[in-house]
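Chemist: Residue numbers (the working numbering): 372 to 828.
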């Protein structure tokens, strides 16, 4: 009976081995493959199933299946029948799949076990791979300094080209979120160069294309961003990779939001939402809900926007991501200020500020301070309004981002409302002195401020 079961299991394994990238084909017999897995008693055959099925399971978002199989593999480790190299891979991959499901603390624990094994075996390749995966988790949780440190530790040790591409993509994303877009572009282009020279093994080409799309959106080149994202989406469709398709739809939604084409933006975002809900992809679902809420807020649909923000907030609290929790609280606070519910806005925005201070998220701190200023203005606390805006300006350390222009715009607006035209003129002068101002400020507003300086000269 055992021999017959093993023969049956070998048959389905051979089907996967013959066409590992043919997602549509594997889909036709995956239920039988899964049933065969349940009958396995041979440790080596169990490991073979894990390694050969992971590509399909990851691309289809079958993370619960993959996690269960990996845990069974780790149980074999305790029985002493698994080589150290396989033990490293089991813990490393378990960490990755737990991260995909939004469980970062558990994921980091598994990756630490994998890292310890990699150091024991003195494998630079495994050390670099694990450090890169840990960096990706810290990056996703807005812990940029830790992520950068891990990437810098890993980069000199990399021997595998695919790992090098992943590291370059991590570095690109980190620098983009730190508003250092030129460095981000440099790393993304380096990643694409390696992909083109060595081929693509694990889908890092698509990650690179998505990153390039994000960078070009940051540089206010939305059409170029769309080109990269549509290319990535088409390749993901051809590969049957629904996880990456959803990621592309999310980023395309952000580009069309930037273009103020809110109908098209919502179409892409809702497509992403359907897949993310189907996969229970909480990490990305939270981001999609946030972006949809922001669009609805701009369209004046405050109640609908608030519902999206609150749902996104629930997910971020579940995932225990302080910076992401703060981002949702900030949007909720803005709605409360729009509704003149200033006391409620203060409570929400102060919680957001405390969380961003906790994780040293300077960009988030400045945003919270700027929005708190509006709530204090509504409450008649002009002193606290200007104090918070000045702190926001100082906190931005002269970095040219959209945030610094929002802060300066509010300083000008509140100074004028307070009748302090000299102070308003001071901030107009400060804003117009920034070389990049024409790229960030509405054209009519920019020209109006220029004219005002001339009139009062």
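Ideal Cβ placement from N, Cα and C applies to all residues, glycine included.
1. Less than 8 Å between the CB atoms is what I'm expecting for residue 808 and residue 802, so what's the real figure, rounded?
2. Beta-carbon within less than 6 Å of residue 620's beta-carbon, same chain only, minus the 5 sequence neighbours each way: which residues are those?
3. How many Å lie between residue 627 and residue 691 at the Cα?
4. Could you spell out the range, first to last residue, of the alpha helix (DSSP H) harbouring residue 586?
5. When the distance is taken between beta carbons, is residue 506 closer than 8 Å to residue 541?
6. Check whether the Cβ of residue 798 lies closer than 8 Å to any Cβ atom in chain D.
7. So is residue 385 buried or exposed if we call it buried at 16+ other beta carbons inside 10 Å?
8. Under a Cβ-count criterion, where at least 16 other Cβ atoms within 10 Å of its own Cβ denotes burial, should residue 768 be classed as buried or exposed?
9. Taking all protein chains shown into account, do 16 or more other C-beta atoms lie within 10 angstroms of the C-beta of residue 622, making it buried, or fewer, making it exposed?
10. Give every residue of the same chain whose Cβ lies closer than 6 Å to the Cβ of residue 372, excluding the five residues on either side of it in the sequence, and list them in chain order.
11. With burial defined as no fewer than 16 other Cβ atoms inside 10 Å of the residue's Cβ, what is the status of residue 406: buried or exposed?
12. So, under 8 Å CB-CB, residue 817 and residue 773 are touching, yes? Tell me the CB distance rounded to an integer number of Å.
13. By alpha-carbon positions, which one of 789, 822, 815 and 814 ends up nearest to residue 800?
14. Hey, how far is the Cα of residue 704 from the Cα of residue 651?
15. By how many angstroms is the C-alpha of residue 701 removed from the C-alpha of residue 815?
16. Excluding the 5 residues flanking residue 668 on each side, which residues of the same chain have their C-beta closer than 6 Å to its C-beta?
17. Rank 513, 766, 789 and 415 by C-alpha distance to the C-alpha of residue 448 and give the top, closest one.
18. In angstroms, rounded to a whole number, what distance separates the CA positions of residue 565 and residue 487?
19. On the three-state DSSP scale, how would you describe residue 611?
20. Can you give me the start and stop residues for the alpha helix (DSSP H) that residue 686 sits inside?
21. Which runs of the alpha helix (DSSP H) at least 4 residues long sit entirely within the segment 456-517? Give them in chain order.
22. Three or more C-beta pairs under 8 Å: does that hold for the segment 595-602 against the segment 578-585?
23. Can you give the beta carbon distance from residue 388 to residue 423, rounded, assuming they're within the 8 Å contact cut?
24. Among the residues of its own chain, which have a CB less than 7 Å from the CB of residue 477, if the five just before and after it don't count?
25. Count the other C-beta atoms from every protein chain shown that fall within 10 angstroms of the C-beta of residue 382, then say buried if there are 16 or more, exposed otherwise.
26. Please name the residue in 400, 721, 474 and 663 whose C-alpha comes closest to that of residue 508.
27. When burial is assigned at 16 or more other CB atoms within 10 Å of the CB, is residue 723 buried or exposed?
28. Hey, could you find the ends of the alpha helix (DSSP H) residue 450 is sitting in?
29. DSSP state of residue 804, grouped into three classes?
30. Please report the Cβ distance between residue 549 and residue 515, rounded to the nearest whole angstrom; I am assuming they are in contact, meaning their Cβ atoms lie under 8 Å.
31. Which one of 441, 535, 528 and 670 has the shortest CA to CA distance from residue 578?
32. With 16 other CB atoms within 10 Å as the buried threshold, where does residue 670 fall?
33. Rounded to whole angstroms, what is the Cα-Cα separation between residue 612 and residue 624?
34. Alpha carbon to alpha carbon, what distance is there between residue 699 and residue 712?
35. Looking at C-alpha atoms only, which residue of 787, 682 and 673 is the closest neighbour of residue 653?
Modeler: Inspection of the coordinates gives the following:
1. Right, their Cβ atoms sit about 6 Å apart.
2. Only 639, 642 and 643 meet the Cβ criterion.
3. Take the alpha-carbon of residue 627 and the one of residue 691: they are about 30 Å apart.
4. Note, residue 586: alpha helix (DSSP H), 575-589.
5. Remark: C-beta atoms of residue 541 and residue 506 approach each other more closely than 8 Å.
6. In the structure shown, chain D cannot be found, because there is only a single protein chain.
7. Around the beta carbon of residue 385, fewer than 16 other beta carbons sit within 10 angstroms, so the residue counts as exposed.
8. Looking at its Cβ environment, which holds fewer than 16 other Cβ atoms inside 10 Å, residue 768 is exposed.
9. Buried is the call here.
10. Note that residue 372 has pLDDT 44, beneath the 50 cutoff, so the model's placement of it is unreliable and the number below is only indicative. For residue 372, there are no CB contacts under 6 Å within the same chain when 5 residues up- and downstream are skipped.
11. By the 10 Å Cβ count, residue 406 comes out exposed.
12. With a Cβ gap of about 14 Å, residue 817 and residue 773 do not count as contacting.
13. Closest by alpha carbon: 822.
14. Roughly 27 Å between the two C-alpha positions.
15. Taking the Cα positions, residue 815 is about 28 Å away from residue 701.
16. Within the same chain, residue 668 has close Cβ partners 676.
17. Its Cα nearest to that of residue 448, the residue 415 stands out among 513, 766, 789 and 415.
18. Their backbone Cα atoms lie some 29 Å apart in a straight line.
19. Shown here, residue 611 sits in coil according to DSSP, grouped into three states, outside any helix or strand.
20. Element bounds for residue 686: 673-690.
21. Listed in chain order, the complete alpha helix (DSSP H) runs (minimum 4 residues) inside the segment 456-517 are 475-491 and 495-511.
22. Enough Cβ pairs lie closer than 8 Å, so yes.
23. So it is a contact: roughly 6 Å between Cβ atoms.
24. Within the same chain, residue 477 has close Cβ partners 469.
25. Residue 382 is exposed by the Cβ-count criterion.
26. Closest option to residue 508, Cα to Cα, is 474.
27. Buried: at least 16 other Cβ atoms inside 10 Å.
28. For residue 450, no alpha helix (DSSP H) run applies, since DSSP gives it neither H nor E.
29. Note: residue 804 maps to coil in three-state DSSP.
30. At roughly 6 Å, the Cβ-Cβ gap stays under 8 Å, so residue 549 and residue 515 are in contact.
31. Nearest C-alpha to residue 578: 535.
32. By the C-beta density criterion, residue 670 is exposed, having fewer than 16 other C-beta atoms within 10 angstroms.
33. Each residue's Cα considered, the two are about 19 Å apart.
34. The alpha-carbon separation between residue 712 and residue 699 amounts to approximately 17 Å.
35. Nearest C-alpha to residue 653 among 787, 682 and 673: 682.
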